[in-house]
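These notes concern the structure reproduced below.
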Amino acid sequence: MNKEALKRSFRIIKRKKWPIVLAVITVIAVIAAPLVSNAVSSRKRYTAKSPIQLSSVFVKKTDQSKIKLIAHRGFSCQAPENTVASIKKAAEYGFGSVEIDIRQTADGVWVLSHDADIKEMTDKSGNISSYTYYDLITANINNGANHKSYGNLKIATLDQALSACLEFNIIPMIEIKDYTADGINTLLETIDKYGFTKSCSVISFDRSVLNTIKGKNPDVQLYALVSKLNSKETEQCLDDPTIGVSFNGHKAINSEKKIKQLQQAGVPLACWTIDDGETMQKYYDMGVTTFVTNRIYKK
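Quick note, the sequence shown lines up with residues 16 to 314 if you use my numbering.
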């Protein structure tokens with residue numbers, strides 16, 4: 016086949032195949048878009064605009080002292096999440112309580128991290144459960160709000176976090192992300208060591224670990240984390256009203272009807288993650304007074 020014939024063949028292929036090629040490209044784009052979006056948002060989620068001081072928060076017809084605001088992952092819009100720096104910032108901005116996430120290293124040390132893999136927050140990668148604590152502290156935190164202002168910032172231990180809470184007079188809300196049987200005993204011992212047994216709260220999506228803690232120490236306040244208050248989740252919550260419920264404030268299924276049902280059963284309630292006064296007002300009008308927040312804005 017000569018050169019001209021090859022060109023003609025290529026033109027025919029292009030004319031006949033371009034709809035298929037276009038369709039393939041479209042499918043690839045649709046699949047890739049959320050992946051790219053998630054990758055970008057995972058880096059962005061640790062930063063936010065400057066919040067207003069809590070003393071400036073206005074909630075219509077509300078006595079502000081009745082509302083409990085809990086800084087999400089520390090005050091993560093001002094300092095890298097789940098660090099001693101973010102706990103200190105929460106105290107500086109007037110929070111009385113701070114939410115932190117904990118996981119165990121390979122050698123059983125409780126440390127602060129939302130993600131299992133440290134790649135999003137540090138200059139290393141790999142699951143925390145695969146690192147000994149000695150190896151883990153070689154990683155440097157290189158992401159999060161104003162992270163460059165904090166120099167050689169490391170992943171914090173639970174001991175360091177609770178020590179900071181004690182120093183800055185702030186109450187911890189501790190979310191268990193993963194754990195071992197022995198780790199629960201260590202966790203309770205650490206909480207007791209810093210005097211937070213009767214004042215802190217422990218939360219988890221895993222109701223079984225909450226039941227374990229309740230059996231070991233009924234003085235610890237517990238909250239089951241629930242994204243959607245569907246029939247199954249609501250029934251579980253009603254089965255044991257001594258364990259509170261912290262629900263997602265951005266799911267339509269978590270309706271006023273469901274919330275009133277839990278309140279009537281005496282289930283303590285908290286709501287996450289509420290970042291503006293208008294939404295907070297909506298739930299306050301339903302009787303919810305405890306809110307986990309990244310920052311609070313007026314609207």
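From the three backbone atoms N, C-alpha and C, an ideal C-beta is built for every residue, glycine too. Fair warning: this is a prediction, and the values are worked out from it, not measured in the lab.
- As summarised for the segment 107-151, the continuous beta strand (DSSP E) elements at least 3 residues long and confined to that stretch are 112-119, 125-127, given in chain order.
- Between Lys169 and Asn155 the beta-carbon gap is near 7 Å, inside 8 Å, which marks them as a contact.
- Per the coordinates, the alpha-carbon of Val241 lies some 25 Å from the alpha-carbon of Ser144.
- Here the segment 223-243 lies against the segment 259-266, with 3 or more beta-carbon pairs under 8 Å apart.
- An exposed status is given to Lys213, since fewer than 16 other beta-carbon atoms sit within 10 Å of its beta-carbon.
- Contact check for Gly89 against Ser101 passes: the beta carbons are separated by less than 7 Å.
- About 11 Å separates the Cβ atoms of Pro283 and Gly302, ruling out a contact at the 8 Å cut-off.
- Taking C-beta atoms as the reference points, Lys192 and Arg310 fail to come closer than 7 Å.
- Distances from the CA of Lys83 to each of Pro187, Gln278, Ile206, Glu182 were compared; the closest alpha carbon is that of Pro187.
- Assigned with DSSP and collapsed to three states, Thr227 falls in helix.
- The DSSP-derived three-state label of Tyr209 is coil.
- DSSP places Asp300 within a helical segment (H, G or I) once states are collapsed to three.
- Closest in alpha carbon position to Thr205, among Asn226, Phe183, Thr172, Gly230, is Thr172.
- Within the same chain, Cβ atoms closer than 7 Å to the Cβ of Thr227 are found at Ile199, the five residues on either side in sequence being excluded.
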